[in-house]
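Taken in sequence, the protein lines are chains A and B.
Its first residue numbered 1, the first sequence is counted upward by one per residue in our numbering.
Its first residue numbered 1, the second sequence is counted upward by one per residue in our numbering.
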Amino acid sequence: MNGVQTGKSDFLRSVRCKNPGQKEFIQAVSEVIGSVWEIYLENSVFRDADILHRLVEPERIIIFRVPWKDDQGRPKINRGFRVQFSSVLGPYKGGLRFRAGVDLSILKFLGFEQIFKNALTTLPLGAGKGGSDFDPKGRSDGEVMRFCQSFMTELQRHIGIRTDIPAGDIGVGAREIGYLYGQYKRLKNQFTGTITGKSLNWGGSLMRPEATGYGVVYFTEEIMKTCCISIEGKTVLVSGSGNVAQHTVKKINELGGKVVTMSDSSGYIYDPDGIRGEKWDFIMDLKNVRRGRIYEYAEAFGCRYVEGKGPWDIPCDVAIPCATQNEIHARHARP
Amino acid sequence: MTKQAFLDEVAARNPNQPEFLQAVKEVVECVWETYEENPIFQDANILGRLVEPERVITFRVPWVGDDDEIMVNRGYRVEFNSAIGPYKGGLRFHPSVNLSILKFLGFEQIFKNALTTLPMGGGKGGSDFDAKGKSDGEIMRFCQSFMTELQRHIGNRTDIPAGDIGVGAREIGYLFGQYKRIRNEFTGILTGKGLNWGGSLIRPEATGFGVVYFTNEMLKAAGESLEGKKVAISGFGNVAWGAATKVNDLGGKVVTLSGPDGYIYDPDGIREEKINYMLMLRATCNDIIEPYVREFPEAKFFAKKRPWEQKVDIALPCATQNELGKEDAENLVKNDCKCIVEGANMPLTPEAMKIIQDAKILYAPGKAANAGGVATSGLEMSQNYAGQSWEREKVDGELRKIMIRIHEQCELHGRIDDDYVDYVRGANIAGFMKVARAMVEQGVV
């Protein structure tokens, strides 16, 4: 139990043993431990306080039943989660993900990473993550609303403006945030900022939709500067076609780069002329309004669509994965 | 949807939870026919909702050991179903505790509590904390840290935990103290409390008393009675003690008790001062039964054997799981035993159960027969709500009425023909029907 005597591999073994079947979480812990172990050993004050053992154990996890009715009147059951991982730097903060396959391992992995990411922002933010195995894909507006209302009916008990402030993630965009917030307000009778990613008219911040994508490109620019190069004229692969990917593409276009791929969970499109101008507008409409599939882009502009794969075989200068976990494999990375 | 498709779906949603899946399978096997006969249940997707806990809370429990070492354990509370009352079920502190085991126990608790006829939902909780070798101070600090988080989720009308393995009178005391300190409220948020501060009389004996009341009802339904019957009891813990006392009250004769070292046979009957001696023996904590024959030489000790080889009318296994196997069952059948009632949880092996059921001997499973324990927890709640402390006779009388009602329900749903009641089937269906109806009536929540 004590971190003082155990070595790195003993520590990781104990984490594996305590969290059987949680592949993604263990991967995330291994990665962080690999980076910080030396510092941990050098600081006896951390070891004496058994910091790592406490850090890998979420402060609180809530798992709950989410019953709702589909358009045919059939009762459906999903599982809702909120992982409140660490509140040492501020209230729990992290997105909600609605997607088939969401499980505790994935949310613990994301929540664990969120601890360090939020700490890096220099803002007072703790870390959390949540969501459900509900998939909004193919669901009507009414179904999504009823699901969100049922989900929030339980979640409201556990969150709060100074306690835990969720945000969006995969499957949770402006529409879902709206439904979730509306139900929260109805139950609590309080208009407080308990969720971020809200619409501009009711408490949202300007630039929130663009922020992640723009940030990624600004960071890329800084990396390239250290090697005395720039994005200007470079060929860029982007995966995903959600919020992050959309604004990554937009900012790269502004800085003179050329994005040749985007993807969704079915496959990717390859447009050697670059995804820009009206083509970018098409993506925005396709994904945010019509909620269609990426192959429609290939049909509209006559470019290549590759099903069931990510874009990483295409030659490029810069690759920016904006879709999901474990999307680039060793074979993609090798020269 | 077919039964198999349903079970496959549950398995896919709950990987790495073998104990939970086993429990679901057992219940589904029993109630599927009833489920299909009631389209109102299917339309409301009752089974799909029933196998998903309403809420599960997992939390970090940090505490400091006597040598200033910092320890981290994991705490759980599975709030499984509140259709018929606030969540209710024990806390288990043991290194083997994980989500699968607690979901299994919580799931079973739903039906067991429903069967008591009291308004109690199903829950279970605990921690992987190992009390072995820990000092009193360490146990107290762990309990305080555990309750510091748990207090947020429980309440006397919300969720009322109790003890289980590793959580006895001492731990309940520490947990209750910390709850009260944080909330500044003296309410019955735990059962199994000390008599001086909200506990109920008869709680220790309740399971054993209930087993015997239930046995008496079974015999009555078959046109017999306990009067003058020879009874074999195994174990010599709380359940065996309560059962032996009540068999004597109702005019039967207890002839055996057992420990891990073997069993004793007392042809004169184990009564009065002999029962008191059994309590003394237990208090020595040696966990052996042999000294009984030195005190009462008319009795005989059989080393490393089980009492089921004796010729008796009634067998009450009150010791532990799987204590009555194939050979024991064959002996009981051969000796013309009339009635076998489980005081312990799952004391019969599956083979033994099959032999007993094939022989059409009266047989009742623990989930019905030993529900007197949790029922008396329910009575403790009633006393706390009312701000009262009932006398022995009142608690005992209520317990007896509850056991009679449990038996009525089992008979209602389990009577196969004029001569035979299948109590396993009866208990499973009765519990399920009650919860399922409540869920239909309360809508999709």
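In this text, a Cβ means the ideal position worked out from N, Cα and C, and glycines have one as well.
In the structure shown, what three-state DSSP assignment does residue i receive?
i	result
F93 (chain B)	strand
W312 (chain A)	coil
M262 (chain A)	strand
Q4 (chain B)	helix
R16 (chain A)	helix
R55 (chain B)	strand
K246 (chain B)	helix
F98 (chain A)	strand
E327 (chain A)	coil
V449 (chain B)	Residue 449 (chain B) lies beyond the range of chain B shown here (1 to 445); nothing can be said about it.
P39 (chain B)	helix
R304 (chain A)	strand
A240 (chain B)	helix
H291 (chain A)	With the sequence shown as reference, residue 291 (chain A) is identified as Arg, and His is not the correct amino acid for it. Three-state result, R291 (chain A): coil.
I177 (chain A)	helix
D339 (chain A)	One cannot answer for residue 339 (chain A) here, as it falls past the ends of chain A, which runs 1 to 335.
V188 (chain A)	Before going further, note that residue 188 (chain A) is Lys rather than Val in the sequence given. Helix.
G3 (chain A)	Only weak support exists for where G3 (chain A) lies, its pLDDT of 44 falling under 50; the coordinates are left without a value.
V318 (chain A)	strand
R397 (chain A)	Residue 397 (chain A) is absent from the structure shown; chain A starts at 1 and stops at 335.
A127 (chain A)	strand
L362 (chain B)	strand
I195 (chain A)	coil
P298 (chain A)	Here the sequence assigns Ala to residue 298 (chain A), which means Pro is not the residue at that position. Residue state, collapsed to three classes: helix.
Buried or exposed: which applies to residue i, given that a residue is buried once 16 or more other Cβ atoms fall within 10 Å of its Cβ?
i	result
I328 (chain A)	exposed
E299 (chain A)	exposed
C227 (chain A)	exposed
H332 (chain A)	exposed
I84 (chain B)	buried
W202 (chain A)	exposed
Y218 (chain A)	exposed
S44 (chain A)	exposed
M1 (chain B)	exposed
S135 (chain B)	exposed
T256 (chain B)	buried
Y179 (chain A)	buried
P321 (chain A)	buried
N189 (chain A)	exposed
G3 (chain A)	Bear in mind that a pLDDT of 44 at G3 (chain A), under 50, signals an unreliable position, so the number given afterwards is only what the model happens to contain. Classification for G3 (chain A): buried.
Check for me: the alpha helix (DSSP H) holding residue i runs from which residue to which?
i	result
R271 (chain B)	Looking at the DSSP string, R271 (chain B) is not in any alpha helix (DSSP H), and its letter there is neither H nor E.
M433 (chain B)	Y423 to Q442
W390 (chain B)	Run containing W390 (chain B): none; DSSP gives neither H nor E here.
G378 (chain B)	G372 to A386
D141 (chain A)	D141 to L155
I106 (chain A)	L104 to L120
A368 (chain B)	G366 to A369
A114 (chain B)	L99 to L115
F64 (chain A)	Unbroken run through F64 (chain A) is the beta strand (DSSP E), R60 to K69; no alpha helix (DSSP H).
I283 (chain A)	E278 to M284
L52 (chain A)	I51 to L55
Which residue comes first and which comes last in the beta strand (DSSP E) that contains residue i?
i	result
D133 (chain A)	Where D133 (chain A) is concerned, there is no enclosing beta strand (DSSP E), given that its DSSP letter is neither H nor E.
V83 (chain A)	P75 to S86
N73 (chain B)	I70 to N81
G262 (chain B)	G262 to Y265
V255 (chain B)	K253 to G259
W202 (chain A)	No beta strand (DSSP E) holds W202 (chain A); DSSP gives it neither H nor E.
R415 (chain B)	R415 to D417
G267 (chain A)	G267 to Y270
To the nearest whole angstrom, what separates the beta carbons of residue i and residue j, a pair I think is in contact under 8 Å?
i	j	result
D169 (chain A)	G95 (chain A)	3 Å
N370 (chain B)	V167 (chain B)	In fact, because the Cβ distance is near 18 Å, the residues do not count as touching under 8 Å.
A221 (chain B)	V421 (chain B)	7 Å
S87 (chain A)	G131 (chain A)	In fact, because the Cβ distance is near 19 Å, the residues do not count as touching under 8 Å.
I264 (chain B)	I289 (chain B)	6 Å
G274 (chain A)	V289 (chain A)	At roughly 23 Å, the Cβ-Cβ gap does not stay under 8 Å, so G274 (chain A) and V289 (chain A) are not in contact.
Does the beta carbon of residue i come closer than 8 Å to any beta carbon on chain C?
i	result
N16 (chain B)	The chain labelled as chain C is not found among the protein chains of the depicted structure, namely A and B.
(message) Please give me, in chain order, every unbroken run of the beta strand (DSSP E) with length at least 3 that falls completely inside the region 207-256 of chain A.
(response) The qualifying runs are 235-238.
(request) Could you tell me which uninterrupted beta strand (DSSP E) segments, each at least 3 residues in length, are contained entirely in the region 274-349 of chain B, listed from first to last along the chain? (result) Counting only runs that start and end inside the region 274-349 of chain B, the beta strand (DSSP E) elements of at least 3 residues fall at 300-303, 314-316 and 339-341.
(request) Could you name each continuous alpha helix (DSSP H) segment of 4 residues or more that falls completely within the region 126-159 of chain B, going from the start of the chain to the end? (result) If we require 4 residues or more, the alpha helix (DSSP H) runs fully inside the region 126-159 of chain B come out as 136-150.
(message) List, from N- to C-terminal side, the alpha helix (DSSP H) runs of 4 residues or more that fit wholly inside the region 164-239 of chain B.
(response) Scanning the region 164-239 of chain B for uninterrupted alpha helix (DSSP H) segments of 4 residues or longer gives 169-183 and 203-221, listed from N- to C-terminal end.
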